[in-house]
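J.:
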Amino acid sequence: MEGGLGSTEIEACVEGLYGSEIFYVVKEVLGFILYMHNQIPAVLQDLEDEFDGLKERYKQMDLSHTNQGDQKNRNVSLQRKNNMRKTEMKSTIRRMEKLMNSITLLLSALQEAISETPNFHGVALVLGGSLARPQYVYEMMFSHFRHDDCNRKNNCKSKAAEVLSRKAVRTLISNGAGSSSNSGSTKLFMLIKCPCTLSLPMHFLPKRDFRYNKRVLPMKLQVNCKIVDEAVNDLHGTFSSANSIADDIICILHFSAFFNLQTSFSSSLVLSFQRSLERGFDNPCSGVQAISGRRRKRRKLSMPKLFFRFLHIVELFVSSIIHCLYGTYILSTAVASDLSQALFNGFGPNNTRTAVNPAELDGSVPPIVLVHGIFGFGKGRLGGLSYFAGAEKKDEHVLVPDLGSLTSVHDRARELFYYLKGGRVDYGEEHSRTFGHSQFGKIYEQGNYPIWDQHHPIHFVGHSAGVQVIRVLQQMLADKAFKGYENSSEDWILSLTSLSGALNGTTRTYFDGMQLENWKQMRSICLLQLLRVGAIFFDWLNLSWFKSYYNFGFDHFEMEWRKTGISGLIDLLLGNTGPFASGDWILPDLTIQGSIKLNLALRTFPNTYYFSYATKRTKSFMGITVPSSIFGVHPVLLIRALQMSLWQTPAELPLPYKGYKDEDWKDNDGALNTISMTHPRLPMEHPSHPVIDESECQPLQPGIWYYKIIEADHIFFIINRERAGVQFDLLYDGIFQRCRKLTFPNQNSS
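For the sequence shown, counting from 1, position 449 maps to 478 in our numbering; every step adds exactly one.
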C-alpha cells in the first residue's frame, strides 16, 4: 500500500501448513482485501451465501408459480407482479454468476499453483493498473510448506487455517488496509514465490521482470509455524527489499479482471457494480475504452429523468440555503453574546473558562466527559454558546472537549485522549503517512484529567458521531495504541452513554452526497461538495478571528496559504490533496459501509456499562413512513427526515450488507436512522437489551447495550434547551444520576 503498512508476524501452533490450508488463508485474505478496497460488494463467504440464497429463492418462486399456474381464478395483476419479480431476480442471478465464475477461475488457478509447486514460499497480491505501476501490495510469507496427502486435499478449512485467517484479517484492519482506496478500474495480480528451478507452463511465466515502485511499500505478513527448518528459512528469506522479489518470482497468475469500473465520469452516469463486472470480465483489456465509448454515445434523457434532475437541483438549492441560514444564525448568536458581554466587561478579553480546574478533578468522583458530534464544538468555542445546551452545568465534574468538527473518528479519538491526559496530540505514524498529514497536532500543556487510569475511570456521554469516537478511543486503550501509556486498558472507561449515536452509519450521507457504490467518494454535484469547498477556503485563509470561534479541525493537514500557496489551493480544490482527497474525514465514517469497516475492529467490553438513547421523529401512515410532525422536526432536518423515511436502495446497486432491508432503515430523526442508534449491530450484533421500564433492568450488567427509543429529532437535546423543555432535564438528570451510581465496578450495588 502506498506509504507502507508495515510488517507483521503471526504464528500457527502447527509443524507446518499444508497447501490446502495455505489456499484457505490466502483465499480469505484475498476476499477481505478486495472488499476493503471496494472491488467486491462483500467478503467472499457472504457473496457465496448470497448467490446460493438467490438461486434457492428463484427455485422456490419458480416452483410456487408452477403449482399455482393451474388455478383458474388466479389474480392477473399478482401473476404479472410475480413474473416481473422472477425476471428481475433472474437478471440479478446472471450478473452475479459472472462475478462468481470469475472469482472461481482465480481461486482455481491459485489452488492449482499451490498444488503443483514443490516448495511454496509465499504470495504477493498486487492491485494497480499494471505490475510496473502497483498501487497496493500485500505480501504473505509461509515459513514451512507441506504437500497435501490424499486425506487433506478437500479439507482446507482446518482450525489452524481459520485461526490464521482471522489473525491476518485483524492485522489488516489494525494497519488500515483499504483506508485510502481510490475509485476507478483496478487490476489484480497474484505473484507466487517459489524456487527458480520449477518448470511451469508458459502462460504462468511473467512477461517482464517485476520491480516495486519506490513510492509503494508492501504490507508484509510473515506466518511462522511451530517447528521451522532453519535451512528452509535461510532459503526462503523474506520480501525485504524492492529487488529481491524479481529474483525469485517466476510464476505470475495474471488475473487482470476489472473488478471495479464505477468511475464518476459525469454526474449523470451511474454504473452498477454488476454491470461494470460484466463489461470488465467480458473484455478485460478494453473495459475502460468500452465505457469511454458509451460516454460518447449518450442517450437522450427522458422527461421523467429531466424532471427528477430538476427536483434534485431545487432540493440542493433549498438545502444549501437552509443550512447556511442555520449556520449564520448560530454564528451571529455567538457573536452577539460576546459583544453584549464585552459591553459590560469593558471590551476585555474572553474569560470563558475552557476547562474545569484540574484541582477539582482529584479522582474522588469520576468525571463525566461530553463528546460532541459532527459540526459540534466544545467549551470555549462560539463564545458562550453550549453545544449540550448547558447540560454540563448540572454537575460540577463535567468536561466538554473541543474536537475537530469534521475530522475523522480516528483523529478525534486521538485528540480526545491527549485532551484528557495532556501532551502533544500524536495521530500515529502509519496513519499519518497513509493519509498524508502531520503526525503531531495541538499541544495540551496540562491535561484536563491527567490522573486518568484504571483506578480513576471516566464516564463518557457522546452525541451523534461522538459515540463512535469514544468507542474507537476505548479500543485504542485496550490495544495500548498510545506511546508511553503501555498500561492503558479498556477499563479506563467506566460507562458509555450514547445520545442519538451513529453506531451503524446513516442513509443521510447518501442524500448529502456520498456515493452508495463507493462510500469514500462524493458525487460531483451535492451538498457535501459545497461544504468541501467552504472548508478548504476556511482553512486556507486561516483567519485567526474566525478560527477562535469555530474550527473544522484540519490544522494537521497544514492547508493554510502560507504553506500551500495558490498551487496548493488548486490541488485542494481539484481533490488531489487534503482530507477530502484521502478520505480522512468524518463523512466516510458515517456511511453504512464505513461504519461496518469501523465496527469490525471495535468490541463491547465486559467491564464497561453501555446505554443508548435512540431518537425517532417518524411514524407509519397508510403503510408509508413519514415524519410524525412537521412542526416537531427542526427545519434544518425536515427535508432529510422525509427523504430518509422514503429511502430505497437503487435496484442496480449491491446491498450495503447481507440481510439488508430498506424498511428497517426508514424510521429516523432527520439525521440518523433509528435502527443505527440502538446498539452496534453491523457487521455483527453486540449484546443488547431494550428498555421500557428502567426498574426492570436492575441490577445493571456491564457489557450489555441498554437502549431506549424516544420521540425526538436529532438536535432536540442540544443547542437549544427551550425546544426540549422538561424532557431536557429528565434526560440529562437521569444520565448524570446513573453515572454517579456507577462509581467503581466493585462498589456497584445497582
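Heads up, the beta-carbon is just placed ideally off N, CA and C, and yes, glycines get one too.
(1) Does DSSP classify Phe640 as helix, strand or coil?
(2) Are Arg175 and Tyr53 closer than 7 Å when you measure CB to CB?
(3) Which residue wins for smallest C-alpha separation from Gln497, given the options Asp391, Ala363, Tyr639, Trp590?
(4) Compute the Euclidean distance between the alpha carbons of Ala564 and Gln475, then round it to the nearest angstrom.
(5) Rounded to the nearest angstrom, what separates Glu57 and Met170 at their Cα positions?
(6) Report the residue from Arg752, His718, Gln730, Ile747 whose alpha carbon sits nearest the alpha carbon of Lys737.
(7) Take Pro712 and list the residues in its own chain whose beta-carbon comes closer than 7 Å to its own, dropping the five residues that flank it on each side.
(8) According to DSSP, Gly470 sits in a beta bridge with which residue or residues?
(9) So Leu506 and Ser524 are supposed to be a Cβ contact under 8 Å. How far apart are they, rounded?
(10) Name the residue from His460, Tyr478, Glu458 whose alpha carbon lies nearest to the alpha carbon of Leu445.
(11) Please state the DSSP three-state secondary structure of Ser321.
(12) Rounded to whole angstroms, what is the Cα-Cα separation between Glu191 and Phe61?
(13) Pop quiz: Trp481 and Lys512 are said to be a contact at Cβ under 8 Å. What is the actual Cβ separation, rounded to whole angstroms?
(14) Using DSSP's beta-bridge definition, name the partner residues of Gly491.
(15) Beta carbon of Thr620, beta carbon of Thr538: below 7 Å?
(16) Is the beta carbon of Gly534 less than 7 Å from the beta carbon of Leu557?
(17) Please state the DSSP three-state secondary structure of Thr538.
(18) Just the C-alpha distance for Lys216 and Pro608, rounded to the nearest angstrom, thanks.
(19) Where does Pro664 sit, in a helix, a strand or coil, going by DSSP?
(20) Could you name the residues of the same chain whose beta carbon sits closer than 7 Å to that of Tyr781, not counting the 5 residues immediately before and after it, in chain order?
(21) Should Glu519 and Gln503 be called a contact, given that it needs their Cβ atoms to be closer than 7 Å?
(22) Name the two residues that bound the continuous beta strand (DSSP E) containing Ser649.
(23) Would you report the Cα separation of Glu344 and Phe540, rounded to the nearest angstrom?
(24) Go through its chain and collect everything with a Cβ distance to Gly763's Cβ below 7 Å, but skip five positions before and after it.
(25) Give the range of the alpha helix (DSSP H) segment to which Pro617 is assigned.
(26) Can you look up Ile599 in the DSSP assignment and give me helix, strand or coil?
(27) Expressed to the nearest angstrom, what Euclidean distance is found between the alpha-carbon atoms of Gly594 and Leu532?
(28) Would Ile403 pass as a contact of Ser493 if the rule is Cβ separation under 7 Å?
(29) Reducing DSSP to helix, strand and coil, say where Val454 ends up.
(30) At which residues does the beta strand (DSSP E) containing Ser717 begin and terminate?
(31) Output yes or no for whether 7 Å exceeds the beta carbon distance between Gly412 and Ser366.
(32) Closer than 6 Å by C-beta to Lys648: which residues in its own chain qualify, once you throw out the five before and the five after it? Chain order, please.
(33) Please tell me whether Phe757 and Arg750 are closer than 7 Å, where the distance is taken between their beta carbons.
(34) In terms of residues, what are the limits of the alpha helix (DSSP H) holding Ile738?
(35) Taking one C-beta from the region 457-471 and one from the region 665-677 each time, how about it: are there three or more such pairs within less than 8 Å?
(36) Pro486 bridges to which residues according to DSSP?
T.: The structure says:
(1) By 1-based counting over the sequence shown, the position of residue 640 is 611. Note: Phe640 maps to strand in three-state DSSP.
(2) As a first step, residue 175 must be located in the sequence shown, where it is residue number 146. As a first step, residue 53 must be located in the sequence shown, where it is residue number 24. The answer is no: Cβ separation not under 7 Å.
(3) In the sequence shown, counting from the first residue as 1, residue 497 sits at position 468. Closest option to Gln497, Cα to Cα, is Tyr639.
(4) Counting from one through the sequence shown, the residue named residue 564 turns up at place 535. Counting from one through the sequence shown, the residue named residue 475 turns up at place 446. When rounded, the distance between both Cα atoms is 30 Å.
(5) Numbered from 1 along the sequence shown, position 28 holds the residue referred to as residue 57. Numbered from 1 along the sequence shown, position 141 holds the residue referred to as residue 170. Roughly 15 Å between the two C-alpha positions.
(6) Mapped onto the sequence shown, residue 737 falls at position 708. Comparing Cα-Cα distances from Lys737 to each of Arg752, His718, Gln730, Ile747, the minimum goes to His718.
(7) Within the sequence shown, the letter at position 683 stands for residue 712. Cβ neighbours of Pro712 beyond the five flanking positions: Ile625, Asn628, Leu629, Tyr686.
(8) On the sequence shown, position 441 is the one that residue 470 refers to. None, per the DSSP bridge assignment.
(9) Residue numbering aside, residue 506 sits at position 477 when the sequence shown is read from its first letter. Residue numbering aside, residue 524 sits at position 495 when the sequence shown is read from its first letter. Wrong, their Cβ atoms sit about 14 Å apart, outside the cutoff.
(10) One-based indexing of the sequence shown puts residue 445 at position 416. Ranking His460, Tyr478, Glu458 by Cα distance to Leu445 puts Tyr478 first.
(11) Numbered from its first residue, the sequence shown carries residue 321 at position 292. Because the pLDDT of Ser321 is 35, which lies under 50, any placement of that residue in the model is unreliable, and the question is left without a value.
(12) Sequence index remark: in the sequence shown, residue 191 carries index 162 (1-based). Sequence index remark: in the sequence shown, residue 61 carries index 32 (1-based). Their Cα atoms are separated by approximately 14 Å.
(13) Walking along the sequence shown from the start, residue 481 turns up at place 452. Walking along the sequence shown from the start, residue 512 turns up at place 483. About 16 Å; that fails the 8 Å criterion.
(14) Counting from one through the sequence shown, the residue named residue 491 turns up at place 462. Bridge partners of Gly491: Val400, Ser527.
(15) By 1-based counting over the sequence shown, the position of residue 620 is 591. By 1-based counting over the sequence shown, the position of residue 538 is 509. Cβ atoms of Thr620 and Thr538: closer than 7 Å.
(16) If you number the sequence shown from 1, residue 534 lands on position 505. If you number the sequence shown from 1, residue 557 lands on position 528. Against a cut-off of 7 Å, the Cβ pair of Leu557 and Gly534 comes out as no contact.
(17) As a working note, residue 538 is residue 509 in the sequence shown. Here Thr538 sits in helix by DSSP.
(18) Here the question's residue 216 lines up with position 187 in the sequence shown. Here the question's residue 608 lines up with position 579 in the sequence shown. Answer to the nearest angstrom: the Cα atoms are 26 Å apart.
(19) Indexing the sequence shown from 1 puts residue 664 at position 635. Residue state, collapsed to three classes: helix.
(20) Since the first residue shown for the chain is 30 and the last is 779, residue 781 is missing from the structure and cannot be characterised.
(21) The residue you call residue 519 lines up with position 490 of the sequence shown. The residue you call residue 503 lines up with position 474 of the sequence shown. The answer is yes: Cβ separation under 7 Å.
(22) Taking the sequence shown and counting its residues from 1, one reaches residue 649 at position 620. Taken as a continuous stretch (DSSP letters only), the beta strand (DSSP E) holding Ser649 covers 647-650.
(23) Counting from one through the sequence shown, the residue named residue 344 turns up at place 315. Counting from one through the sequence shown, the residue named residue 540 turns up at place 511. Spanning the two alpha carbons is a distance of roughly 10 Å.
(24) Numbered from 1 along the sequence shown, position 734 holds the residue referred to as residue 763. Cβ within range, chain order: n/a, list empty.
(25) The residue labelled residue 617 in the question sits at position 588 within the sequence shown. Residues 615-619.
(26) What you label residue 599 is simply residue 570 of the sequence shown in a count that begins at 1. It is helical.
(27) Here residue 594 refers to the residue found at position 565 when the sequence shown is read from its first residue. Here residue 532 refers to the residue found at position 503 when the sequence shown is read from its first residue. Computed Cα separation, rounded: 39 Å.
(28) The residue labelled residue 403 in the question sits at position 374 within the sequence shown. The residue labelled residue 493 in the question sits at position 464 within the sequence shown. For Ile403 and Ser493, yes; Cβs fall inside 7 Å.
(29) Taking the sequence shown and counting its residues from 1, the one referred to as residue 454 is at position 425. Reduced to three states, the DSSP call for Val454 is strand.
(30) On the sequence shown, residue 717 is found 688 positions in, with the first residue counted as 1. Segment 717-719, the beta strand (DSSP E) holding Ser717.
(31) Counting from 1 along the sequence shown, the entry for residue 412 is found at position 383. Counting from 1 along the sequence shown, the entry for residue 366 is found at position 337. Yes.
(32) As a first step, residue 648 is located in the sequence shown; it is residue number 619 there, counting from the start. The answer, listed in chain order, is Ser657.
(33) The sequence position of residue 757 within the sequence shown is 728, counting from 1. The sequence position of residue 750 within the sequence shown is 721, counting from 1. Going by C-beta atoms, Phe757 is nearer than 7 Å to Arg750.
(34) Counted from its first residue, the sequence shown places residue 738 at position 709. No alpha helix (DSSP H) holds Ile738; the beta strand (DSSP E) holding it covers 734-740.
(35) no
(36) Taking the first residue of the sequence shown as 1, we reach residue 486 at position 457. BP columns for Pro486 are empty, so no partner.
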